[in-house]
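Engineer: Take this structure first; my questions come after.
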Amino acid sequence: MPQDSLLVAALGDIHGRFHRVEAWLDALEAARGRRVDLVLAVGDVEAFRRADDHRRKAAKRAMPAEFAEYADGVRRVKRPLYFIGGNNEDFEALHDLPQGGELAPDVHYLGRAGLRTLGPLRVAYLSGIHAPRFIDQPLKRPTSLDTAKQAGYFRTPEVEQVASARDVDLLLVHEWPRGIVQKARDERLAPARPLPSPWIGNPVTRKLVDTVHPKWVLCGHSHKPFAVALETHGRTTSRVACLDQAARPDTAVFWLEFEGREAQRAGWGVSGVATWQAGQRWGMHTLPPTEPDGPGSVPADNGATA
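Spelled out as structure tokens, the structure:
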């Protein structure tokens with residue numbers, strides 16, 4: 035293995051399920067025969083300290099408050115974890131960390147928007163989802179369910195901050211870029227799974243991709259796996275990987291193995307099997323086959339309620 039090789043694992047919406055994703059990463063390391071160097075989570079992590087903290091979240095569903103054990107030092111993540119905000123977070127705790135911060139040993143909130151160098155990689159990120167009514171309104175301190183909901187929407191200055199980034203290896207967003215499903219339809223890519231609605235995602239995120247031209251885009255929010263390549267005006271191809279929520283590892287975990295800043299291979303789940311190699315086409319054919327819900331799975335939902 036080259037000395038500058040880096041194994042990056044991405045996680046879909048964790049929704050508080052820290053225990054299971056740690057076990058999944060153990061399995062990925064065993065399968066690849068090496069350490070996971072860096073973990074990236076694409077929002078809706080739900081790093082709440084206590085179970086009753088969920089009364090402060092916008093969505094009306096209770097997820098486990100497993101993060102408390104990490105914040106209190108009872109447990110510790112085994113690999114550095116960096117995450118962006120989704121539309122279901124502990125916004126009261128995150129509000130005073132717009133530029134990010136460490137919430138527990140090796141658990142890092144990246145912040146609302148920006149560009150960070152992680153190892154050799156240039157990682158741009160935008161937290162939250164698009165709400166046209168609020169994009170030009172000031173961000174209020176989240177002191178109620180209503181203001182917490184608004185904290186899960188990105189604002190124009192944050193979008194502009196990310197849009198100025200260049201030479202980006204990875205772009206982390208919560209909500210899908212608009213138009214990627216239609217592109218799969220237009221290219222007559224016929225996966226074994228049904229395609230989502232062509233209107234899924236938002237145009238602001240899509241414009242960011244078309245402006246920044248990141249090599250890879252990772253997103254969550256809609257709790258569906260998806261893969262498509264975007265290219266604009268002959269510029270760098272942006273390979274988009276949309277991750278499922280943390281219900282099953284085969285679609286909620288996505289990994290990339292880099293040599294320097296170039297991805298050499300990638301795969302889904304924890305089997306360690308690469309479904310893409312450098313030079314190959316990226317798209318729906320890289321996804322794992324669909325399987326019925328197995329033991330330990332949780333019902334899927336669309337993640338769109340805030």
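Quick note: the sequence shown, position 295, residue 329 per the working numbering, numbers continuous.
Every residue gets a Cβ at the ideal spot worked out from N, C-alpha and C, and that includes glycine.
So, for Glu63: in the same chain, excluding its five sequence neighbours on each side, which residues have a beta-carbon less than 7 Å away from its beta-carbon?
Structural biologist: What you label residue 63 is simply residue 29 of the sequence shown in a count that begins at 1. Correct list, in chain order: Arg69, Val70.
Engineer: Starting from Gln311, follow its DSSP beta bridges and name the residues at the other end.
Structural biologist: Counting from 1 along the sequence shown, the entry for residue 311 is found at position 277. Answer is Arg299.
Engineer: Let's test the definition: count the other Cβ atoms within 10 Å of the Cβ of Pro228 and tell me whether it reaches 16, buried, or not, exposed.
Structural biologist: Here residue 228 refers to the residue found at position 194 when the sequence shown is read from its first residue. Result: exposed.
Engineer: For Thr151, name the three-state secondary structure that DSSP assigns.
Structural biologist: Counted from its first residue, the sequence shown places residue 151 at position 117. Strand at Thr151.
Engineer: Alpha helix (DSSP H) containing Phe420: first to last residue?
Structural biologist: It is not possible to answer for residue 420, since the shown part of the chain is limited to 35 through 340.
Engineer: When the Cα of Tyr116 is compared with those of Leu206, Pro322, Arg315, which residue comes out closest?
Structural biologist: Position 82 of the sequence shown, counted from the first residue, corresponds to residue 116. Nearest option by C-alpha distance: Leu206.
Engineer: Tell me the DSSP secondary structure of Glu136 in three-state form.
Structural biologist: For the purposes of this step, residue 136 is identified with residue 102 of the sequence shown, where counting begins at 1. Reduced to three states, the DSSP call for Glu136 is strand.
Engineer: Could you pull the start and end residues of the alpha helix (DSSP H) that Leu229 belongs to?
Structural biologist: Counting from 1 along the sequence shown, the entry for residue 229 is found at position 195. Per DSSP, Leu229 belongs to no alpha helix (DSSP H) and is neither H nor E.
Engineer: Could you compute how far the alpha carbon of Pro283 sits from the alpha carbon of Arg54?
Structural biologist: For the purposes of this step, residue 283 is taken as residue 249 along the sequence shown, with counting starting at 1. For the purposes of this step, residue 54 is taken as residue 20 along the sequence shown, with counting starting at 1. So the two alpha carbons sit approximately 9 Å from each other.
Engineer: If we count Cβ pairs, one from each stretch, closer than 8 Å, do we get three or more for the segment 246–257 versus the segment 269–276?
Structural biologist: As far as the Cβ criterion goes, the segment 246–257 touches the segment 269–276, which means the pair count is three or higher.
Engineer: If the criterion is Cβ atoms closer than 7 Å, does the pair Glu349 and Phe52 meet it?
Structural biologist: Nothing about residue 349 can be read from this structure; the chain reaches only from 35 to 340.
Engineer: Looking at the ligand HEM, does it come within less than 6 Å of Tyr143, judged from the CB to the closest heavy atom?
Structural biologist: This structure simply doesn't include the ligand HEM, nor any ligand for that matter.
Engineer: Assign Asp203 to buried or exposed, taking buried as 16 or more other Cβ atoms, counted over all protein chains shown, within 10 Å of its Cβ.
Structural biologist: Here residue 203 corresponds to residue number 169 of the sequence shown, with the count starting at 1. Buried, by the Cβ-count rule.
Engineer: Could you tell me the boundaries of the alpha helix (DSSP H) in which Arg273 lies?
Structural biologist: Against the sequence shown, residue 273 aligns to sequence position 239. Element bounds for Arg273: not the alpha helix (DSSP H) but the beta strand (DSSP E), 272–276.
Engineer: Helix, strand or coil: how does DSSP classify Phe188 here?
Structural biologist: Start at 1 with the first residue of the sequence shown, and residue 188 comes out as number 154. The answer is coil: DSSP assigns Phe188 none of H, G, I, E or B.
Engineer: Using three-state DSSP, classify Ala44 as helix, strand or coil.
Structural biologist: The residue labelled residue 44 in the question sits at position 10 within the sequence shown. Of the three classes helix, strand and coil, the one that applies to Ala44 here is strand, per DSSP.
Engineer: Quick check: Ile234 and Ser256, are their CB atoms within less than 7 Å of each other?
Structural biologist: In the sequence shown, residue 234 corresponds to position 200, counting from 1. In the sequence shown, residue 256 corresponds to position 222, counting from 1. Yes, Cβ-Cβ distance for Ile234 and Ser256 is below 7 Å.
Engineer: Excluding sequence positions up to five away, which residues of its chain have a Cβ less than 8 Å from the Cβ of Gly148?
Structural biologist: Indexing the sequence shown from 1 puts residue 148 at position 114. If we look at Gly148 and ignore the five residues flanking it on each side, its Cβ neighbours are Gln133, Gly134, Ala158, Tyr159, Gln195, Val196.
Engineer: Give the C-beta separation of Thr239 and His129 to the nearest angstrom, bearing in mind that I take them to be a contact with Cβ-Cβ under 8 Å.
Structural biologist: By 1-based counting over the sequence shown, the position of residue 239 is 205. By 1-based counting over the sequence shown, the position of residue 129 is 95. About 22 Å separates the two Cβ atoms, so there is no contact after all.
Engineer: What would DSSP say about Val193, mapped onto helix, strand or coil?
Structural biologist: Within the sequence shown, residue 193 is the residue found at index 159, counting from 1. Val193 falls in the helix class under three-state DSSP.
Engineer: Once DSSP output is grouped into helix, strand and coil, what is the label at Val73?
Structural biologist: Reading the sequence shown from its first residue, position 39 is the one you call residue 73. Val73 falls in the strand class under three-state DSSP.
Engineer: Can you give me the start and stop residues for the beta strand (DSSP E) that Leu206 sits inside?
Structural biologist: Residue 206 sits at position 172 when you count from the first residue of the sequence shown. Here the beta strand (DSSP E) through Leu206 covers 204–207.
Engineer: Is it true that the CB of Pro237 sits closer than 7 Å to the CB of Arg212?
Structural biologist: The residue given as residue 212 occupies position 178 in the sequence shown. The residue given as residue 237 occupies position 203 in the sequence shown. Yes, they are a contact pair.
Engineer: Quick one: measure Cβ to Cβ for Ile118 and Ala280, integer angstroms, because I've assumed they're closer than 8 Å.
Structural biologist: Position 84 of the sequence shown, counted from the start, is the residue given in the question as residue 118. Position 246 of the sequence shown, counted from the start, is the residue given in the question as residue 280. Not really, about 15 Å apart at Cβ, beyond 8 Å.
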